[in-house]
Amino acid sequence: MTKGVCWPSIETIARQIGAGMSTVRTAIARLEAEGWLTRKARRQGNRNASNVYQLNVAKLQAAAFSQLSDSDPSKSDASKSDPSKFDASKSGKKAGFHPSESGGDPSVKSKHDPSDKKPSRPDASQPDTQTAEQDFLTRHPDAVVFSPKKRQWGTQDDLTCAQWLWKKIIALYEQAAECDGEVVRPKEPNWTAWANEIRLMCVQDGRTHKQICEMYSRVSRDPFWCRNVLSPSKLREKWDELSLRLSPSVSTYTEKREDAYFKASYDNVDYSQIPAGFRG
Numbered sequence: 001m002t003k004g005v006c007w008p009s010i011e012t013i014a015r016q017i018g019a020g021m022s023t024v025r026t027a028i029a030r031l032e033a034e035g036w037l038t039r040k041a042r043r044q045g046n047r048n049a050s051n052v053y054q055l056n057v058a059k060l061q062a063a064a065f066s067q068l069s070d071s072d073p074s075k076s077d078a079s080k081s082d083p084s085k086f087d088a089s090k091s092g093k094k095a096g097f098h099p100s101e102s103g104g105d106p107s108v109k110s111k112h113d114p115s116d117k118k119p120s121r122p123d124a125s126q127p128d129t130q131t132a133e134q135d136f137l138t139r140h141p142d143a144v145v146f147s148p149k150k151r152q153w154g155t156q157d158d159l160t161c162a163q164w165l166w167k168k169i170i171a172l173y174e175q176a177a178e179c180d181g182e183v184v185r186p187k188e189p190n191w192t193a194w195a196n197e198i199r200l201m202c203v204q205d206g207r208t209h210k211q212i213c214e215m216y217s218r219v220s221r222d223p224f225w226c227r228n229v230l231s232p233s234k235l236r237e238k239w240d241e242l243s244l245r246l247s248p249s250v251s252t253y254t255e256k257r258e259d260a261y262f263k264a265s266y267d268n269v270d271y272s273q274i275p276a277g278f279r280g
């Protein structure tokens, strides 16, 4: 890793920390959402290669110094610390993820590969998680977040769209909190479920990511619907109704419509005139 940049594959990270690939993908998505890292997808032909990850070194150093201050006040003077000599491998023992500094896809150098560990009492009823995830990725190579058990998954574009919706929702809560101090920021969503719902809107309902974002922009500006549509699943459920109620063309037509036969009051209607098509 050079200056916070690395490019390990999901499989490599999973082997190094002894976790499933689905768990790794979800964790990376959450770290990205919280600003700990950014990632850029690389492609080789029609398949995604390993992503390039850029760690937020400044944020990591600030967190490390903060923990040092909490654990040992006598050594907490950050002004005397030289960030250039910061050793993440010593201060982040709990992370367990130490990517190789060699080029290409870093391989596992650990003497004890978690994938080789066999439980003393294996549970025959428990599926092989690694195999299930590999089979799932074979069928859905574009998945960046997924759950084989729930048959949910989403592409990078689906996840990006879901994260955009979440930011809009958080903005609504922040606006509400300015008027009501009791409003609490909601819990972070299940990114796999959200991305899956976005994908279904595109694949099954024929929407595009742009249309989804434009629709939610209108939802967020409506005083009623902004409180009642707070997830992709609710947006999908109410889409047809929202299209009618929030469409600019429909609202303009309703305001300007004048029909002599549909009035709030009929006091001034001239009934002596016979409408065209009727006989006197």
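The sequence shown finishes on residue 280 if you use our numbering, and the numbering steps up by one all the way, no holes.
In this text, a Cβ means the ideal position worked out from N, Cα and C, and glycines have one as well.
Model, not experiment: these values are computed from the prediction.
Residue i - containing alpha helix (DSSP H), residue span
| i | result |
| --- | --- |
| Leu242 | 239-246 |
| Lys210 | 209-221 |
| Leu165 | 156-179 |
| Val203 | 191-203 |
| Arg227 | 225-228 |
Proximity to residue i [Cα-Cα], best of the options
| i | options | result |
| --- | --- | --- |
| Glu133 | Val5, Ala19, Gly4, Lys3 | Ala19 |
| Thr160 | His209, Lys234, Cys179, Ile17 | His209 |
| Arg151 | Trp164, Gln163, Leu137 | Leu137 |
| Trp7 | Leu246, Asn51, Phe146, Gly206 | Asn51 |
| Arg227 | Ala176, Ile10, Thr26, Pro141 | Ala176 |
| Glu11 | Ala171, Arg245, Ser22 | Ser22 |
| His140 | Ser66, Lys149, Trp153 | Trp153 |
| Gln211 | Ile170, Ala58, Asp240, Cys179 | Asp240 |
| Asp222 | Thr131, Arg245, Ser231, Val203 | Arg245 |
| Ala27 | Val203, Arg207, Ser66, Glu188 | Glu188 |
Start-to-end residues for the beta strand (DSSP E) that takes in residue i
| i | result |
| --- | --- |
| Phe136 | Where Phe136 is concerned, there is no enclosing beta strand (DSSP E), although the alpha helix (DSSP H) it sits in stretches over 129-139. |
| Val145 | 145-147 |
C-beta contact flag for residue i and residue j at 7 Å
| i | j | result |
| --- | --- | --- |
| Arg30 | Tyr53 | no |
| Ala195 | Asp135 | no |
| Trp191 | Val144 | no |
| Glu197 | Ser233 | yes |
| Gly220 | Lys168 | Reading the sequence as shown, one finds Ser at residue 220 and not Gly. In this structure, Lys168 lies closer than 7 Å to Ser220 by Cβ. |
| Gln156 | Ala62 | no |
| Leu37 | Leu60 | no |
| Val5 | Ile13 | no |
Close beta carbons around residue i, own chain, < 7 Å, minus the five adjacent residues each side
| i | result |
| --- | --- |
| Tyr173 | Val183, Arg185, Pro186 |
| Thr129 | Gly20 |
| Gly104 | Low local confidence applies: a pLDDT of 44 at Gly104 is under 50, so the model's placement there is unreliable, with the coordinate-based value given in what follows. Here the set comprises nothing. |
Below-7 Å beta-carbon distance, residue i vs any chain C residue
| i | result |
| --- | --- |
| Ala58 | Here chain C cannot be found, since the structure has a single protein chain. |
Proximal residues to residue i (C-beta, below 8 Å), its chain only, five neighbours per side dropped
| i | result |
| --- | --- |
| Cys213 | Cys161, Trp164, Leu165 |
| Arg236 | Glu197, Leu200, Met201, Asp205 |
| Val229 | Tyr216, Val219, Leu235, Lys238, Leu242 |
Any non-hydrogen atom of the ligand GDP within 6 Å of residue i CB
| i | result |
| --- | --- |
| Glu237 | With respect to small molecules bound, the structure shown includes none, and the ligand GDP cannot be examined in it. |
6 Å CB neighbourhood of residue i in its chain, flanking five on each side removed
| i | result |
| --- | --- |
| Val57 | Gly4 |
| Ile170 | none |
Q. Can you list the alpha helix (DSSP H) stretches of 4 or more residues lying completely in the segment 3-69, in chain order?
A. 10-17, 21-33
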